[in-house]
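Student: One structure coming up, written as structure tokens, with questions to follow.
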Amino acid sequence: MNRIITEQFVVQGIPILSIYEESASRLPLVIYIHGYGGSKKDGLEFGHKIVERGMYFVAFDAAGHGERKQDERDSLIKESSVYPPDTGLDTWLHMLEVIAKTTEDIDALLLHFMNDPKVNTERLGVTGLSMGGYAVYFIAANDPRVQVAVPIIGLASFLERWEDVLLESSTYERWAEALKESEEHTKLRTAFVQSIDPYDKLASFYPKPLLISIGDIDVEQPKKYTINLYKTLKPAYRDCPDRLKLSVHDGVGHFVTSAMMEEACEWFEKHL
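For the sequence shown, this note's numbering begins at -3 and goes up steadily by one.
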């Protein structure tokens, strides 16, 4: 096997981690998006597995993360938190703000790599975990350049999840009054969530390959949302059912296992 190169550099203010074989030439590109509070370095193990399968791997620090932690100037949510901190509502909304910015990050990365002889940007795959899984759905629904997608332990049901968590939070006596007083703010935030919700757009990803990987006992991102998504998408993929797969990992909570990574690598190797 050729020597593996790991590089870190900055593209248009975005810190990048790239992993590839020394002899790389026109390889498929897999872009990885980390979880909330994480960084590009979280993708190192995954990246090496991708490269072993003959692809070029890139991870980046999402807005407000890793080396971009000071990049909060445009965050209205961070600057105007309105909910009781222990509800986690403001944090969840900030995560969605970060996700909404990933399309700009992808644009910058593809512009950088399109003239790199080591990479074939027309063979583009995206994957990510937790927040990164949310982002994969968002990018797949909005960027036609994506050819293969593998969201891991994330959700596509932005609005439904937001409304469910709001409703549940309002039933707690210690939060009920504060949430009632925040109704006008909630309307604005709900409109934002609705504006970026990828759920209804994902059928247009057909016939591109989509592997959905979740944990059976994940309480942070409950599987019911993803099972409903799969049932929604299945009719669209009826002519090529092998390009849509729901993989529920038994006994797995909100974390990524080696089996999940191997399955993702096999999916990219087969379809990208």
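For every residue, glycine included, the Cβ atom is placed at its ideal position computed from N, Cα and C.
Would you mind giving the Cβ-Cβ distance between Leu207 and Ala137, rounded to the nearest angstrom? I have them listed as a contact below 8 Å.
Tutor: In fact, because the Cβ distance is near 16 Å, the residues do not count as touching under 8 Å.
Student: Would you kindly check if the distance between the Cβ of His30 and the Cβ of Met127 is under 9 Å?
Tutor: Their beta carbons are under 9 Å apart, which means Met127 touches His30 by this criterion.
Student: Determine the DSSP secondary structure at Lys114, reduced to helix, strand or coil.
Tutor: DSSP, reduced to helix, strand and coil, places Lys114 outside both helices and strands of the structure shown, so it counts as coil.
Student: Report back the beta-carbon spacing between Ile15 and Val6 to the nearest angstrom; my notes put them in contact at under 8 Å.
Tutor: With a Cβ gap of about 16 Å, Ile15 and Val6 do not count as contacting.
Student: DSSP on Asp135, reduced to helix/strand/coil?
Tutor: Rather than Asp, the amino acid found at residue 135 in this sequence is Ile. In this structure, Ile135 counts as helix in the three-state DSSP scheme.
Student: Which two residues bound the contiguous alpha helix (DSSP H) that contains Phe109?
Tutor: Annotation for Phe109: the continuous alpha helix (DSSP H) segment containing it runs Leu85 to Phe109.
Student: If you compare alpha carbons, which of Ile213, Leu89, Thr222 and Asp246 is closest to Tyr133?
Tutor: Thr222
Student: Mind checking which residues open and close the beta strand (DSSP E) that includes His181?
Tutor: Segment Glu179 to Ile192 is the alpha helix (DSSP H) holding His181; no beta strand (DSSP E) there.
Student: Taking Cβ to Cβ, would you say Asp212 is nearer than 9 Å to Asp246?
Tutor: Yes, the pair counts as a contact, with Cβ atoms nearer than the cut-off.
Student: Can at least three beta-carbon pairs, one atom from the region 75 to 92 and one from the region 177 to 189, be found at a separation below 8 Å?
Tutor: Under the 8 Å Cβ criterion, the region 75 to 92 counts as touching the region 177 to 189, having at least three qualifying pairs.
Student: Can you name the start and end residues of the alpha helix (DSSP H) that Thr260 belongs to?
Tutor: Thr is not the amino acid found at residue 260; the sequence shown has Ala there. Element bounds for Ala260: Ser254 to His267.
Student: Which residue from Gly39, Trp263 and Lys97 puts its Cα closest to that of Pro205?
Tutor: Trp263
Student: Taking only heavy atoms of the ligand PLP into account, decide whether any of them is closer than 8 Å to the Cβ of Glu93.
Tutor: Ligands displayed in this structure: none; no statement on the ligand PLP is therefore possible.
Student: Would you say the region 233 to 246 touches the region 162 to 170, given that touching needs at least three Cβ pairs under 8 Å?
Tutor: no
Student: Starting from Val47, trace the alpha helix (DSSP H) in both directions and tell me its first and last residue.
Tutor: Where Val47 is concerned, the enclosing alpha helix (DSSP H) stretches over Leu40 to Glu48.
Student: Quick one: Cα of Lys65 to Cα of Leu107, how far?
Tutor: 23 Å
Student: Report the three-state DSSP secondary structure of Ala174 (helix, strand or coil).
Tutor: helix
Student: Under the DSSP definition of a beta bridge, which residues are partnered with Ile15?
Tutor: Thr2 and Phe53
Student: Below 8 Å, how does it come out for the region 143 to 153 and the region 113 to 130: are there three or more Cβ pairs, yes or no?
Tutor: yes
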